[in-house]
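Participant:
Residue numbers (our numbering): 3 to 510.
(1) If contacts are defined as beta-carbon pairs under 8 Å, then residue 135 and residue 153 qualify, I think. What distance do you get, rounded to the angstrom?
(2) Between the C-alpha atoms of residue 125 and residue 373, what's the straight-line distance to the nearest angstrom?
(3) Tell me the residue span of the alpha helix (DSSP H) that contains residue 79.
(4) Between the region 369–385 and the region 348–356, are three or more C-beta pairs nearer than 8 Å?
(5) Is residue 281 helix, strand or coil by DSSP?
(6) Kindly list the residues whose CB is nearer than 6 Å to the CB of residue 229, restricted to its own chain and excluding five residues on each side of it in sequence; keep chain order.
(7) Tell whether a beta-carbon distance below 8 Å holds between residue 428 and residue 450.
(8) Tell me residue 490's beta-bridge partners as DSSP assigns them.
(9) Going by Cα to Cα distance, which pick from 59, 27, 24, 20 is closest to residue 12?
(10) Is the beta carbon of residue 200 closer than 8 Å to that of residue 188?
(11) Straight-line CA distance for residue 67 to residue 469?
(12) One question on the structure: do residue 81 and residue 304 come within less than 8 Å of each other, judged by their Cβ atoms?
(13) Please return the same chain residues whose Cβ sits closer than 7 Å to the Cβ of residue 299, not counting the five positions on each side in sequence.
(14) Could you give the first and the last residue of the continuous beta strand (DSSP E) run that contains residue 135?
(15) Just grab the DSSP bridge partners of residue 110 for me.
(16) Please determine if the region 305–324 and the region 175–186 are in contact, where contact requires at least 3 C-beta pairs separated by less than 8 Å.
(17) Between which two residues does the beta strand (DSSP E) holding residue 590 run?
(18) Pull up the distance between the alpha-carbon of residue 225 and that of residue 387, whole angstroms please.
(19) List the DSSP bridge partners of residue 417.
(20) Whole angstroms are fine: how far does the CA of residue 282 sit from the CA of residue 110?
(21) Grouping DSSP H, G and I as helix and E and B as strand, with all else coil, what is residue 27?
(22) Would residue 471 be called buried (16 or more neighbouring beta carbons within 10 Å of its own) or exposed?
(23) Express the C-alpha separation of residue 206 and residue 369 in angstroms, rounding to a whole number.
(24) Kindly indicate which residue of 72, 192, 210 has the alpha-carbon position closest to the one of residue 223.
(25) With a threshold of 16 other CB atoms inside 10 Å of the CB of residue 106, please say whether the residue is buried or exposed.
(26) Using a 10 Å radius around the Cβ and a threshold of 16 neighbouring Cβ atoms, would you call residue 338 buried or exposed?
(27) Where does residue 353 fall in DSSP's three states?
(28) Residue 322 lies in the alpha helix (DSSP H); which residues open and close that run?
(29) I need the DSSP call for residue 33, collapsed to helix, strand or coil.
(30) Per DSSP, which residues does residue 289 bridge with? Please list them.
(31) Under a Cβ-count criterion, where at least 16 other Cβ atoms within 10 Å of its own Cβ denotes burial, should residue 473 be classed as buried or exposed?
(32) What are the start and end residues of the alpha helix (DSSP H) that includes residue 337?
(33) Taking 8 Å as the threshold (C-beta atoms), are residue 219 and residue 186 in contact?
(34) How big is the Cα-Cα spacing for residue 145 and residue 273?
(35) Taking one C-beta from the region 403–423 and one from the region 449–463 each time, how about it: are there three or more such pairs within less than 8 Å?
(36) Give me whichever residues DSSP pairs with residue 364 in a beta bridge.
So this is what it looks like as structure tokens:
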């Protein structure tokens, strides 16, 4: 296929634009800062794939044409050894059947049917859930109701958010969307721009097909006539494909008008009146999707790519990923001075300004290679060193034994964890109330990042334990081998994990 057109947004936009252009991709609908930083032509045509930063700034989502998404996936994971990617079972635009499992104050939880293997290799297992706001479905929903919904916004697998759903059908891209109804609406930054675009649309005769309303979006204001025409053509083609995929009438869950000419009234999807109409696979999947998580090494690799286009401080993306305040601080620092690219990452400066500081609460966010995130608990920061070492203490509850140590866990025990920024491992030492050491568990992981409110990494399965009697054992190599076979841990990352574990085993 020809190289896909890509639209990029978020804190990784400059770095990814640099890498995309170097790889021969066409970047379209570029933001003003991107246009200033690159000596390149940026088109206004509809993109084949959209890349957007996740809400927590830890990674990106890519969604769009399946071939286009596949073409950019490797570019995302090539950012560094600790860049990991997982297929998205609920990319935006997908129409899915599901069942309401819970009703909440503002909407319903829906268990979605994605079909056997639809999640893709390496994706978290289990049927995904979505959130359907009551205002986005033209009927009352109750627990047990079968529904047909469209994904409006997906959610990263490492977050506790659910994809946002709607009972209203909508298709289209960044220039124009089609939804059930009639007429044309222009969403523009100003009334003058809206009037100008409306006049251009009238002049060109760009009207939506019967039964659909066209919603022209802000980027359409700057698009040329060829792009406007192509955008509407693409939206109409997508709408017809979606109608065909959903059945377009009886038994499909799509509500049509009395003449059968197109969607009518409020909802195009919504509550099904017959459970047998539920399907075990996506009713319509016009888009594919992938989520990519960037670890510390990858963020510094993206710094290098960004530096080819504009001044970039060491740890630019690492700091921006920590918090919105830190992100603004980076922008200010880079606007005031020309950063030294060879300088060390200023961990002490960053922690002094944004945290964590001694006495703060800090979570330990334990990522899994399949994309899930488990919080091991929250402790108190007891020390912060300039070299990037942060010490956290947690008081343990009683019951069970310590994993790998075979020692009973007693109420009042203390776990002391030493987290050093950038290190591929971290130790936790368990002590009883009297100070007696119950053992040390050393977790092998992607390079640790200590953000203001959480330490973050991805666990690489293999670990090393030191028991109270001084014996040292390396554990869970079999789990790492299984993860490599399952495709959740790339072999180069697994080799690094084995090397780190061997060094720890010898050192202890």
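Glycine included, each C-beta is placed from N, C-alpha and C at the ideal position.
These numbers were taken from a predicted model, which means no experiment stands behind them.
Facilitator: Quick answer:
(1) Taking 8 Å as the upper bound for CB-CB distance, residue 135 and residue 153 are not in contact here, some 13 Å apart.
(2) Low per-residue confidence applies at residue 125: pLDDT is 47, beneath 50, and the placement is therefore not dependable enough to give any value.
(3) 68–79
(4) no
(5) coil
(6) 46, 47.
(7) yes
(8) None; residue 490 has no bridge partner.
(9) 59
(10) yes
(11) In this model, residue 67 and residue 469 are separated by some 52 Å (Cα to Cα).
(12) A contact, by the Cβ cut-off of 8 Å.
(13) Shown here for residue 299: same chain residues with a beta carbon closer than 7 Å to its own, the five before and five after excluded, namely 82, 83, 84, 449 in chain order.
(14) Secondary structure note for residue 135: its beta strand (DSSP E) is the uninterrupted segment 131–135.
(15) Beta-bridge pairing links residue 110 to 105, 134.
(16) By the Cβ rule, the region 305–324 does not count as touching the region 175–186, because fewer than three pairs are nearer than 8 Å.
(17) Outside the shown range of the chain, which is 3 to 510, sits residue 590, and nothing can be said about it.
(18) 52 Å
(19) For residue 417, the beta-bridge partners assigned by DSSP are 396, 432.
(20) 20 Å
(21) coil
(22) exposed
(23) 52 Å
(24) 192
(25) exposed
(26) exposed
(27) helix
(28) 318–322
(29) Three-state DSSP puts residue 33 in coil, outside helix and strand.
(30) Paired residues: none, contrary to the question.
(31) The Cβ neighbour count for residue 473, taken over all protein chains shown within 10 Å, is under 16; the residue is labelled exposed.
(32) 326–338
(33) no
(34) 12 Å
(35) The answer is yes - the region 449–463 touches the region 403–423, with three or more Cβ pairs under 8 Å.
(36) 381
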